[in-house]
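Number of protein chains: 2
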Amino acid sequence: MTATSVTATDTKTTRGPAAGAGPAARADLLRRHRPTLERALEVISTRESWSPFPEGEEGYPPGAAADGEAAFRALLDRPFDLDQPGGDGAVGPAPEQGGEISPYGFPLGVSYPHADADRLLPALRDAREGWAAAGPWERAAVCAEILFRLNSRAHELAHAAVHTSGHNFLMAFHAGAVHAQDRGLEAVAYALREQTRIPYEAVWSKPMPGGRPFVLDKTFTAVPRGVALVVGNRVFPAWNGYPGLFASLATGNSVLVKPHPRAVLPLALTVRTAREVLREAGFSPDLVCLAAERPGEELAASLAVRPEVRLIDYSGTTAFGCRLVREAGQARVRTATSAVNALLIHSTAHYRDMLDNLAFSLALYSGQLCTSPQNLLIPRTGIATDEGHKSFAQVVSDLGDALSTLLADDGTACAVLGALVGPDVAARVEHAATGAVGPVAVPSRTVAHPDFPGATVRTPLVVRLDADDPADLATLKTEWLGPVFFAVAVDSAAAGTALLRETAQECGALSAGVHTTSPEVEEELERACAAAGVLLSVNLRGDWYITQSAVYSDLHSTGLNPSGDAPYCDGAFVADRFRTVEVRRFREPS
Amino acid sequence: MTATSVTATDTKTTRGPAAGAGPAARADLLRRHRPTLERALEVISTRESWSPFPEGEEGYPPGAAADGEAAFRALLDRPFDLDQPGGDGAVGPAPEQGGEISPYGFPLGVSYPHADADRLLPALRDAREGWAAAGPWERAAVCAEILFRLNSRAHELAHAAVHTSGHNFLMAFHAGAVHAQDRGLEAVAYALREQTRIPYEAVWSKPMPGGRPFVLDKTFTAVPRGVALVVGNRVFPAWNGYPGLFASLATGNSVLVKPHPRAVLPLALTVRTAREVLREAGFSPDLVCLAAERPGEELAASLAVRPEVRLIDYSGTTAFGCRLVREAGQARVRTATSAVNALLIHSTAHYRDMLDNLAFSLALYSGQLCTSPQNLLIPRTGIATDEGHKSFAQVVSDLGDALSTLLADDGTACAVLGALVGPDVAARVEHAATGAVGPVAVPSRTVAHPDFPGATVRTPLVVRLDADDPADLATLKTEWLGPVFFAVAVDSAAAGTALLRETAQECGALSAGVHTTSPEVEEELERACAAAGVLLSVNLRGDWYITQSAVYSDLHSTGLNPSGDAPYCDGAFVADRFRTVEVRRFREPS
Numbered sequence: 000m001t002a003t004s005v006t007a008t009d010t011k012t013t014r015g016p017a018a019g020a021g022p023a024a025r026a027d028l029l030r031r032h033r034p035t036l037e038r039a040l041e042v043i044s045t046r047e048s049w050s051p052f053p054e055g056e057e058g059y060p061p062g063a064a065a066d067g068e069a070a071f072r073a074l075l076d077r078p079f080d081l082d083q084p085g086g087d088g089a090v091g092p093a094p095e096q097g098g099e100i101s102p103y104g105f106p107l108g109v110s111y112p113h114a115d116a117d118r119l120l121p122a123l124r125d126a127r128e129g130w131a132a133a134g135p136w137e138r139a140a141v142c143a144e145i146l147f148r149l150n151s152r153a154h155e156l157a158h159a160a161v162h163t164s165g166h167n168f169l170m171a172f173h174a175g176a177v178h179a180q181d182r183g184l185e186a187v188a189y190a191l192r193e194q195t196r197i198p199y200e201a202v203w204s205k206p207m208p209g210g211r212p213f214v215l216d217k218t219f220t221a222v223p224r225g226v227a228l229v230v231g232n233r234v235f236p237a238w239n240g241y242p243g244l245f246a247s248l249a250t251g252n253s254v255l256v257k258p259h260p261r262a263v264l265p266l267a268l269t270v271r272t273a274r275e276v277l278r279e280a281g282f283s284p285d286l287v288c289l290a291a292e293r294p295g296e297e298l299a300a301s302l303a304v305r306p307e308v309r310l311i312d313y314s315g316t317t318a319f320g321c322r323l324v325r326e327a328g329q330a331r332v333r334t335a336t337s338a339v340n341a342l343l344i345h346s347t348a349h350y351r352d353m354l355d356n357l358a359f360s361l362a363l364y365s366g367q368l369c370t371s372p373q374n375l376l377i378p379r380t381g382i383a384t385d386e387g388h389k390s391f392a393q394v395v396s397d398l399g400d401a402l403s404t405l406l407a408d409d410g411t412a413c414a415v416l417g418a419l420v421g422p423d424v425a426a427r428v429e430h431a432a433t434g435a436v437g438p439v440a441v442p443s444r445t446v447a448h449p450d451f452p453g454a455t456v457r458t459p460l461v462v463r464l465d466a467d468d469p470a471d472l473a474t475l476k477t478e479w480l481g482p483v484f485f486a487v488a489v490d491s492a493a494a495g496t497a498l499l500r501e502t503a504q505e506c507g508a509l510s511a512g513v514h515t516t517s518p519e520v521e522e523e524l525e526r527a528c529a530a531a532g533v534l535l536s537v538n539l540r541g542d543w544y545i546t547q548s549a550v551y552s553d554l555h556s557t558g559l560n561p562s563g564d565a566p567y568c569d570g571a572f573v574a575d576r577f578r579t580v581e582v583r584r585f586r587e588p589s
Numbered sequence: 000m001t002a003t004s005v006t007a008t009d010t011k012t013t014r015g016p017a018a019g020a021g022p023a024a025r026a027d028l029l030r031r032h033r034p035t036l037e038r039a040l041e042v043i044s045t046r047e048s049w050s051p052f053p054e055g056e057e058g059y060p061p062g063a064a065a066d067g068e069a070a071f072r073a074l075l076d077r078p079f080d081l082d083q084p085g086g087d088g089a090v091g092p093a094p095e096q097g098g099e100i101s102p103y104g105f106p107l108g109v110s111y112p113h114a115d116a117d118r119l120l121p122a123l124r125d126a127r128e129g130w131a132a133a134g135p136w137e138r139a140a141v142c143a144e145i146l147f148r149l150n151s152r153a154h155e156l157a158h159a160a161v162h163t164s165g166h167n168f169l170m171a172f173h174a175g176a177v178h179a180q181d182r183g184l185e186a187v188a189y190a191l192r193e194q195t196r197i198p199y200e201a202v203w204s205k206p207m208p209g210g211r212p213f214v215l216d217k218t219f220t221a222v223p224r225g226v227a228l229v230v231g232n233r234v235f236p237a238w239n240g241y242p243g244l245f246a247s248l249a250t251g252n253s254v255l256v257k258p259h260p261r262a263v264l265p266l267a268l269t270v271r272t273a274r275e276v277l278r279e280a281g282f283s284p285d286l287v288c289l290a291a292e293r294p295g296e297e298l299a300a301s302l303a304v305r306p307e308v309r310l311i312d313y314s315g316t317t318a319f320g321c322r323l324v325r326e327a328g329q330a331r332v333r334t335a336t337s338a339v340n341a342l343l344i345h346s347t348a349h350y351r352d353m354l355d356n357l358a359f360s361l362a363l364y365s366g367q368l369c370t371s372p373q374n375l376l377i378p379r380t381g382i383a384t385d386e387g388h389k390s391f392a393q394v395v396s397d398l399g400d401a402l403s404t405l406l407a408d409d410g411t412a413c414a415v416l417g418a419l420v421g422p423d424v425a426a427r428v429e430h431a432a433t434g435a436v437g438p439v440a441v442p443s444r445t446v447a448h449p450d451f452p453g454a455t456v457r458t459p460l461v462v463r464l465d466a467d468d469p470a471d472l473a474t475l476k477t478e479w480l481g482p483v484f485f486a487v488a489v490d491s492a493a494a495g496t497a498l499l500r501e502t503a504q505e506c507g508a509l510s511a512g513v514h515t516t517s518p519e520v521e522e523e524l525e526r527a528c529a530a531a532g533v534l535l536s537v538n539l540r541g542d543w544y545i546t547q548s549a550v551y552s553d554l555h556s557t558g559l560n561p562s563g564d565a566p567y568c569d570g571a572f573v574a575d576r577f578r579t580v581e582v583r584r585f586r587e588p589s
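As given, the protein sequences belong to chains E and L, one line each in that order.
Quick note: numbering that gives the first Met the number 0 has the first sequence finishing at residue 589, numbered continuously throughout.
Quick note: numbering that gives the first Met the number 0 has the second sequence finishing at residue 589, numbered continuously throughout.
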């Protein structure tokens, strides 16, 4: 299958910016990135496995790891260099001035320029003219260049993610760098496809009585909405932030990036790289700016209601997401908020493999992913397995053993788990560990990190709950971000399916899972997940986990339940970031 | 170019409804309408001229006109037969009970079933299951059948449009029937394209270290949002209502149609036809229901905030549109509201043709189209033409002569003009005719209609205004729906362009026009219209008018200015009427 709607006409960029240093650079970018963009257009239609960015160390030049770490270290304990308009002071470096502290236990010592919104927003607005006129393919090529340049700094970005979001290094290298870059490129591909569905030029020839047709020459131009605001979260600022950033930028908007005050560095590096590429290509670097936040400033709330801001991509708490939707009536707001994910353990023909897969899913980043399966729904009468019937208690105990085995070695544990991102997460673990929430079935262990003196990570804590108990039900319907999981006794597969659906519809969910050998149970789950709008993973084993989302293939978030309104990534995610304006001209009869 | 993203996989309908009378009928519909749908998919990409529905009488069987008129007459003075759930009385037939009165002067005498929303909405919700499961192609085929069946009743629908919206017959035959059907089919094509961008099934195979790939089987299912509410207007209930109705229906939603209380009949016929086709195809007819309104009931406002309602398409006043956006937070609201359109007359090489084209554009349906050019911006120093320089006064006077010539004959006048839709429109004409708004440059004539005793239509009234006068500026920035037009003196082409842009951005606009021989003026206008999000028509002459919008080709409304948020018709118009939910299944390594 060929790429969608891509014809020679679509690549026309007749309305590019005025000549200058940029045209040759832009032509070069288009030549270099065109094959990648065409392949990305193909893949978002076929949903096959693909990425232009290597996932493994072997894909990068020798020395890249050491260079990246050195580059990260060189960022510490100094002002972050970002030449953007409207500066009126600094944020940080001291924690009480808004400076970041690594979840692994030390202050980063970085200060960022703070900007006056009254000067920054006009700069973002004025930057747009040449960019809007450049056309979809040129914009896509510039965006691809930004992403490839970010990829060349994958190790540096990974270290930045480790010391802002508390990832282990591998997760940081993936979610904080490579996969985030993939998500950016995926959004660029969608933006390109949406903007080229309609040709730039068309001849409209209407047969008329008498034989001579009536002819109009038409042009169709993609017009951006305005300034886009991206509000980052702490746990995955790049992975959650790039889709909105690149979807808005690729459709001709300018983008203001407001990072979480504790996870500025990854997005500051992103903004700086974007500005560098834009400048080289002859566009205004002010198309992408950073809005670092002073303590107590509530910057997202005040920026969100500015009339210049027409698009908002927010990831964070449900309460603040709802506030943005309510208050920012001038903008189209997309939210990614909280999720209460569930997984039904009904039956399996691969008991040990299932336990290993589950253990890893729970342990990864100490349960701080938005796709971590919080509620494990298990029939109270137990489950059928290839090792015979297993009681509810046995399944939970075996899961505890699988966790112990996986995390026995401190080094391995630290490579799978993650530092807790905040005192609220730690407090939830401590509270649950007392048994106050429910009987502790699998205790959490504190592991000292070998690389960072004084830093610790936590293994998963599993608490037993009963779906028939109203207090337990309230507990499991609350989001417990972090390494607290619930083994929930349910009456039957049907009851578990109903509970999964109800939880997703009431509380939001981004992932659902099932282990079953029954086609009927699987079909019921599938029906429930369609109704609740949740991606369902069936009988996962081996090296793929419910927590993972394959860029260009999986659809993360549907917008059908309260976990948010941002369908990553599909046509609807980009379609209304621009509009198409037509001109029709009378053609003299020939 | 082949149709977008359409592959064999896309047509898979594995999840169709349970067997019954329908499967054979559905297979037949798909077979019959597939070529039309494929052609429509092609045309929305090429934007060429096309329609499956004949525009001229010669495209219909002999006798269709007489049969259609007889069918319309048979509807009068009796209850409208509509077998739908939740009935709790009637609306009409007497005007004080909500019965319709023809703008040509007689009561229709039709009564409609009124429904209890508490019973109707659950029926709409429950109707959806089989429809949602049917798959995009089956739904599209059923929608196409509804539209073809409506087309076979084009004459009957045209008479219904004449006697609810006050159209002349030709306009009613086009905007009230054929072109509305085209717009419905255009929306179906967009819905089909959006839903088939992603394959129903995909195999995801990820290369793994060691050589054996990790494989997941994936399915992607389009899931509708819920109940869609369509709120119709009086002037073009079908033309404005069909895109939302068919976009929502084709994406799997059920649709509740709430017509304007004075223009129920066209949408009641539409709903009845849709129910008939759905039933025959084995689906629940309750997928499409009518909500007729009792006097004073404010039904749109109460239905809009029902939790079941997730999509709203509204056309009508700006005030009520804003209220819906504010109050119906549970739904995605699309509005089509008021417009203040302008046309710059700068220079021309075809003076007489230009005047004739303008005269027709002003006269058509007595200026009650949402695309009628209300403000004619003319440099106060006059314009250059192929007949030499023409002063401002001369241009206006010559336009008056062109109008007089066009509308000299009462029969011809009645075939071009239309009955005024309400006393508010008539009052505006009377007020402007007194000279209170500005000097009358071209008076309006009252024409007695030859076919309807006592009925009259009005010719355009042109009032002279000056853009430099603040009071005149306020006048021209107000929507004057109906046959009141302003000849506005502006300082220059640049001043006219700025005023056109300003008016569009402040008041909303759906059409803009220019007559100029200057490439610079044209380019400036194009830039202004891109910024303001208005379709620009350049130097139209002959048989195409600024008021017209070619279905499948022109983009009517962009959502970039206050005239509304409904971009008819493009991907963004349909993209978030459904979401796609994925299931991924572990595949046993082979």
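We put the CB at the ideal spot given by N, CA and C, even for glycine.
Quiz prompt | Sub-9 Å separation of residue 312 of chain E and residue 229 of chain E beta-carbons | solution = For the purposes of this step, residue 312 of chain E is taken as the residue at position 313 of the first sequence. For the purposes of this step, residue 229 of chain E is taken as the residue at position 230 of the first sequence. A contact, by the Cβ cut-off of 9 Å.
Practice problem: Report, in whole angstroms, the separation of the C-beta atoms of residue 487 of chain L and residue 378 of chain L, which I expect to be a contact under 8 Å. | Solution: On the second sequence, residue 487 of chain L is found 488 positions in, with the first residue counted as 1. On the second sequence, residue 378 of chain L is found 379 positions in, with the first residue counted as 1. With 8 Å as the limit, residue 487 of chain L and residue 378 of chain L do not qualify as a contact, their Cβ atoms being about 10 Å apart.
Exercise. Note down the Cα distance separating residue 433 of chain L from residue 421 of chain L, rounded to an integer number of angstroms.
Key: Here residue 433 of chain L corresponds to residue number 434 of the second sequence, with the count starting at 1. Here residue 421 of chain L corresponds to residue number 422 of the second sequence, with the count starting at 1. So the two alpha carbons sit approximately 19 Å from each other.
Quiz item: Residues of chain L with a CB under 9 Å from the CB of residue 256 of chain E: which are they?
Solution: Looking up residue 256 of chain E in the first sequence gives position 257. Neighbours of residue 256 of chain E in chain L, taken as residues at a C-beta separation under 9 Å, are lacking, since the least C-beta distance is about 24 Å.
Quiz item: Do residue 578 of chain E and residue 563 of chain L have their C-beta atoms within less than 9 Å of each other?
Solution: Numbered from 1 along the first sequence, position 579 holds the residue referred to as residue 578 of chain E. Numbered from 1 along the second sequence, position 564 holds the residue referred to as residue 563 of chain L. Cβ atoms of residue 578 of chain E and residue 563 of chain L: not closer than 9 Å.
Exercise. Rank L:540, L:585 and L:83 by C-alpha distance to the C-alpha of residue 283 of chain L and give the top, closest one.
Key: Looking up residue 283 of chain L in the second sequence gives position 284. Checked all of L:540, L:585 and L:83; the closest Cα to residue 283 of chain L is L:83.
Practice problem: Please name the residue, chosen from E:129, E:534 and E:196, that lies closest to residue 547 of chain E on a Cα-to-Cα basis. | Solution: Counting from 1 along the first sequence, the entry for residue 547 of chain E is found at position 548. Of E:129, E:534 and E:196, the residue nearest in Cα terms is E:534.
Quiz item: How would you label residue 87 of chain L, buried or exposed, when you count the other beta carbons within 10 angstroms and need 16 or more for buried?
Solution: The sequence position of residue 87 of chain L within the second sequence is 88, counting from 1. Looking at its Cβ environment, which holds fewer than 16 other Cβ atoms inside 10 Å, residue 87 of chain L is exposed.
Quiz item: Starting from residue 324 of chain E and walking both ways along the beta strand (DSSP E), at which residues does that stretch end?
Solution: Working through the first sequence from its first residue, we reach residue 324 of chain E at position 325. For residue 324 of chain E, no beta strand (DSSP E) segment is defined; the enclosing uninterrupted segment is the alpha helix (DSSP H) at 317-326.
Quiz item: What is the DSSP secondary structure of residue 166 of chain E, counted as helix, strand or coil?
Solution: As a first step, residue 166 of chain E is located in the first sequence; it is residue number 167 there, counting from the start. Reduced to three states, the DSSP call for residue 166 of chain E is coil.
Quiz item: Can you list the beta strand (DSSP E) stretches of 3 or more residues lying completely in the region 428-469 of chain E, in chain order?
Solution: For the region 428-469 of chain E, the continuous beta strand (DSSP E) assignments of 3+ residues that do not extend past its boundaries occur at 439-441, 445-447, 455-457 and 460-465, in sequence order.
Self-check item: Nearest residue (CA-CA) to residue 527 of chain L, options L:466, L:341, L:472 and L:33
Solution: The residue labelled residue 527 of chain L in the question sits at position 528 within the second sequence. That would be L:341, whose Cα lies nearest to the Cα of residue 527 of chain L.
Quiz prompt | Other residues of its chain near residue 150 of chain E: CB distance less than 6 Å, five sequence neighbours each side excluded | solution = The residue labelled residue 150 of chain E in the question sits at position 151 within the first sequence. Taken in chain order, the residues that qualify are 52 and 180.
Exercise. Select from the region 480-510 of chain E all residues with a C-beta closer than 8 Å to any C-beta belonging to chain L, and list them in chain order.
Key: Result list empty, no residue passes.
Self-check item: residue 485 of chain L versus L:497, L:476, L:462 and L:500, residue with shortest Cα-Cα distance
Solution: What you label residue 485 of chain L is simply residue 486 of the second sequence in a count that begins at 1. Taking only the C-alpha atoms, the option nearest residue 485 of chain L is L:462.
Quiz prompt | Exposure of residue 267 of chain L, with buried meaning 16 or more beta-carbon neighbours within 10 Å | solution = Counted from its first residue, the second sequence places residue 267 of chain L at position 268. Answer is buried; the Cβ neighbour count reaches 16.
Quiz item: To which residues does DSSP link residue 312 of chain E through a beta bridge?
Solution: Residue numbering aside, residue 312 of chain E sits at position 313 when the first sequence is read from its first letter. E:229 and E:333.
Exercise. Report the option in E:455, E:200 and E:215 whose CA atom is closest to the CA atom of residue 207 of chain E.
Key: Reading the first sequence from its first residue, position 208 is the one you call residue 207 of chain E. Considering only alpha carbons, the answer is E:215.
Quiz item: Quick one: is residue 326 of chain E buried, meaning 16 or more other Cβ sit within 10 Å of its Cβ, or exposed?
Solution: Taking the first residue of the first sequence as position 1, residue 326 of chain E is located at position 327. For residue 326 of chain E, the number of other beta carbons within 10 angstroms of its own is below 16, and it is reported as exposed.
Quiz item: What is the rounded straight-line gap between the Cα of residue 14 of chain L and the Cα of residue 475 of chain L?
Solution: Within the second sequence, the letter at position 15 stands for residue 14 of chain L. Within the second sequence, the letter at position 476 stands for residue 475 of chain L. Any reading at residue 14 of chain L needs caution, since the residue's pLDDT is 41, under 50, leaving its predicted position unreliable; the model's value is listed next. Residue 14 of chain L and residue 475 of chain L: Cα-Cα distance of roughly 55 Å.
Practice problem: For chain L, find out if any of its Cβ atoms is closer than 9 Å to the Cβ of residue 374 of chain E; answer yes or no. | Solution: In the first sequence, the residue the question calls residue 374 of chain E occupies position 375. Not closer than 9 Å to any Cβ of chain L, the Cβ of residue 374 of chain E fails to qualify, so no.
Quiz item: Does the count of Cβ pairs from the region 284-291 of chain E and the region 105-120 of chain E closer than 8 Å reach three?
Solution: Contact holds: three or more Cβ-Cβ distances are below 8 Å.
Quiz prompt | Helix, strand or coil at residue 501 of chain E [DSSP, three-state] | solution = For this step, residue 501 of chain E is matched to residue 502 along the first sequence. Helix.
Practice problem: Compare the C-alpha of residue 67 of chain L against each of L:171, L:122 and L:138 and name the closest. | Solution: Residue mapping note: residue 67 of chain L aligns to position 68 of the second sequence, counting from 1. When L:171, L:122 and L:138 are compared, the shortest CA-CA separation from residue 67 of chain L is found for L:171.
Quiz item: Got a sec: is the Cβ-Cβ distance from residue 58 of chain L to anything in chain E below 9 Å?
Solution: Residue numbering aside, residue 58 of chain L sits at position 59 when the second sequence is read from its first letter. Cβ-Cβ to chain E under 9 Å: no for residue 58 of chain L.
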